[in-house]
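Note sheet for the following structure.
There are 2 protein chains.
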Amino acid sequence: MKKVDILKKLRSSGLRPTKQRVEIAKFLFDRDTTFHFTIESLENHLTKKTSCKFALATIYNTIHAFKKAGHLSEVDVRGKKTYFDTNITNHHHFYDNETSELIDIDTSEIVIQKIPKAPNGKKIKNVEVFINLKN
Amino acid sequence: MKKVDILKKLRSSGLRPTKQRVEIAKFLFDRDTTFHFTIESLENHLTKKTSCKFALATIYNTIHAFKKAGHLSEVDVRGKKTYFDTNITNHHHFYDNETSELIDIDTSEIVIQKIPKAPNGKKIKNVEVFINLKN
DNA sequence: TTTTTACTTTAGAATTATTATAAACTAGAA
DNA sequence: TTCTAGTTTATAATAATTCTAAAGTAAAAA
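Chains as they are written, first to last, in our numbering: chain P, 24 to 158; chain H, 24 to 158.
Below, the structure written as structure tokens:
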């Protein structure tokens, strides 16, 4: 993703392209494959890979802004930390509890034949499949 | 579940049947349907329904002991609090984001036709299906 | 361009859920 | 009964996250 596109992405979401936001956006969106991270792991990567300084609160602010703008999704993983995903399409996950690693599964890889009706007055918003791994 | 059985359940798990443990076990296991709770909601119920006093730490200790003994399971729900479930069989969940309510789904209610192979060197431990609800 | 204004970043304090600690308590064995 | 190891408890500590208010900055207005 070119710098111009990064700027466009931010502006079109109503986010001023500040130095920090541009660096975080470049780091997250300028890649070929999906990236899963926690705020802590992202902070480590940013301090290693960029020369820019980031207050922890800025990383939280930015990630929440990106999520709100629909550029990131959140993944339910047991544990204290929140996981984010650059893959914002509807999809599923493998989770390796040994390494705390998430792996995306495309919706086409899982076919559900039978599913219960939603309870009275409710509708199904989406279906998430989580496959826990072991060695 | 009779009091005798509660005591048996505790003893057979290597847990001394203290006043607090017995009260919590009676509250959790003496019912017909599955119960979902957080430590906070459990504390509220206990103070309302029993005359016994509970330090918050005791509730945490007891719930973890019950979980370790296999009498409770933990459910992955987005958010800060940990959810527990008296249903320890393999099963799935509806989750109503409006009310933060979990509803059990029996494994027989969901049939998966196609599922991807586990990544190299890994095996599938279990598959959890999470159906998010909306109004 | 300069000025202004509203949005951002920042360091540090506050909050929330959970876990650790160490002293007082208690169930069950001796 | 007495003893001992397991428990409970209040409180402190920790960890992830959010809040706050002052200082900084992008972009609009003059």
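Ideal Cβ positions, reconstructed from N, Cα and C, are used throughout, including at glycine.
Asked: Residue 44(P), buried or exposed, once every other Cβ within 10 Å from all chains shown has been counted against 16; Found: buried
Asked: Cβ-based neighbour list, residue 128(P), same chain, cut-off 8 Å, excluding 5 preceding and 5 following; Found: 114, 115, 116, 117, 152, 154
Asked: Residue environment, residue 48(P), which counts as buried when at least 16 other CB atoms sit within 10 Å; Found: buried
Asked: Any non-hydrogen atom of the ligand ADP closer than 8 Å to residue 54(P) Cβ; Found: Here there are no bound small molecules, and the ligand ADP is not part of this structure.
Asked: C-alpha distance - residue 76(P) paired with residue 63(H), whole-angstrom precision; Found: 38 Å
Asked: Residue span of the beta strand (DSSP E) that contains residue 65(H), given as start and end; Found: That residue, residue 65(H), is in no beta strand (DSSP E); its alpha helix (DSSP H) goes 62-72.
Asked: Chain P within 9 Å of residue 146(H), Cβ atoms only; Found: yes
Asked: Cα-Cα separation between residue 93(P) and residue 87(P), rounded to whole angstroms; Found: 10 Å
Asked: Span of the beta strand (DSSP E) around residue 150(P); Found: 146-157
Asked: Cβ-Cβ distance between residue 61(H) and residue 107(H) below 9 Å; Found: yes
Asked: Residues near residue 26(H) by beta carbon distance below 8 Å, same chain, minus five either side; Found: 45, 49
Asked: Cβ of residue 157(H) within 9 Å of any chain P Cβ; Found: yes
Asked: Under 8 Å from the C-beta of residue 43(H): neighbouring residues of chain P; Found: Ordered by position in chain P, no residue passes the 8 Å Cβ test against residue 43(H), which lies about 26 Å from the chain.
Asked: Partners in chain H for residue 117(P), counting only beta-carbon separations shorter than 9 Å; Found: 139, 141, 142, 145, 147
Asked: Contact with chain H by residue 89(P), beta-carbon distance below 9 Å; Found: no
Asked: Assigned secondary structure, residue 38(P) (DSSP; H/G/I helix, E/B strand, else coil); Found: coil
Asked: Cα-Cα separation between residue 101(H) and residue 28(H), rounded to whole angstroms; Found: 35 Å
Asked: Reduced DSSP secondary structure (H/G/I, E/B, other) of residue 107(H); Found: strand
Asked: Contacts of residue 154(P) in chain H (Cβ-Cβ under 7 Å); Found: 147, 150
Asked: Per DSSP, cross-strand counterpart(s) of residue 118(H); Found: 125(H), 155(H)
Asked: Backbone CA spacing between residue 111(P) and residue 37(P) [nearest angstrom]; Found: 19 Å
Asked: Contacts of residue 39(P) in chain H (Cβ-Cβ under 8 Å); Found: Simply none; closest approach about 29 Å.
Asked: Residues of its chain near residue 30(P), where Cβ-Cβ distance is below 8 Å and the 5 sequence neighbours each way are ignored; Found: 40, 45
Asked: Closer than 9 Å to chain P by CB, residue 34(H); Found: no
Asked: Closest by C-alpha distance to residue 126(P), when choosing among 131(H), 133(H), 141(H), 122(H); Found: 141(H)
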